[in-house]
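In this note's numbering, the protein residues as written are 11 to 226.
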């Protein structure tokens, strides 16, 4: 259902239209992607950031071996800003202190045979835009409605980020469940075959014993 905002729109419609405009057109740089890392390798992605911007990184290992990877962030000079070893998922953030390309690297060097599949999201910059006042902004520059719109828009962006993270975790847990179900099924088939083989062996053994007694 579409709500048209026109000359006859109520204040509440104007309010939600403003929130939608902020959410759709006001977020920072958001990169969401999925990829696979081969054994004994490291994959890196670059994102440009100004100094003083907030950066949020969310990732989840979806499948592969022990479902753990190494993760680190490098600044434009190649120095390590953040690192974690043998993690399955992460939801972290930091503030940049230099302008340039930041590298986000995931490593699978501990694995010998199994590739790892990941889903990741990188958010660079403010989620919500702020008005560029000619002078210094004060509390009187924002009306209660403006403050409410900004707070609500920020809340919506936080919910969208959390939903993306929960979706990643749901995929990972579903893969684990399906893998466990397959292992249980294979073990059940193995047990069934083993029981049938033992039963046949017992029948043949008993038959052989009775045949020997008849001969005697």
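Think of the CB as a built atom: it goes at the ideal place given N, C-alpha and C, for glycine as much as any other residue.
Here the structure is a predicted model, which is why all the values come from computation and not from measurement.
Assigned exposure category for residue i - 16 Cβ within 10 Å defines buried
i, result
"residue 117", "buried"
"residue 114", "buried"
"residue 70", "buried"
"residue 130", "buried"
"residue 222", "exposed"
"residue 35", "Residue placement at residue 35 is flagged as unreliable, the pLDDT there being 42, under the threshold of 50; the coordinate-derived value follows with that caveat. The residue in question, residue 35, is exposed, as its Cβ has fewer than 16 Cβ neighbours within 10 Å."
Euclidean distance between Cα positions of residue i and residue j
i, j, result
"residue 98", "residue 134", "22 Å"
"residue 44", "residue 177", "13 Å"
"residue 50", "residue 62", "34 Å"
"residue 93", "residue 80", "8 Å"
"residue 83", "residue 90", "6 Å"
"residue 172", "residue 164", "12 Å"
"residue 211", "residue 201", "15 Å"
"residue 215", "residue 203", "18 Å"
"residue 190", "residue 66", "32 Å"
"residue 154", "residue 106", "31 Å"
"residue 219", "residue 199", "30 Å"
"residue 213", "residue 206", "11 Å"
"residue 209", "residue 188", "32 Å"
"residue 217", "residue 185", "48 Å"
"residue 169", "residue 158", "16 Å"
"residue 95", "residue 195", "33 Å"
"residue 121", "residue 197", "25 Å"
"residue 192", "residue 162", "45 Å"
"residue 55", "residue 167", "23 Å"
Beta carbon of residue i nearer than 7 Å to that of residue j
i, j, result
"residue 57", "residue 112", "yes"
"residue 68", "residue 126", "no"
"residue 85", "residue 108", "yes"
"residue 73", "residue 132", "no"
"residue 175", "residue 101", "yes"
Cβ-Cβ separation, residue j to residue i (assumed contact under 8 Å), whole Å
i, j, result
"residue 78", "residue 103", "That belief does not hold up - the Cβ atoms of residue 78 and residue 103 are roughly 21 Å apart, past 8 Å."
Top-ranked residue by Cα proximity to residue i, from the options
i, options, result
"residue 180", "128, 76 and 124", "128"
"residue 75", "123, 207 and 218", "123"
"residue 119", "205, 53 and 106", "53"
"residue 110", "87, 96, 213 and 209", "87"
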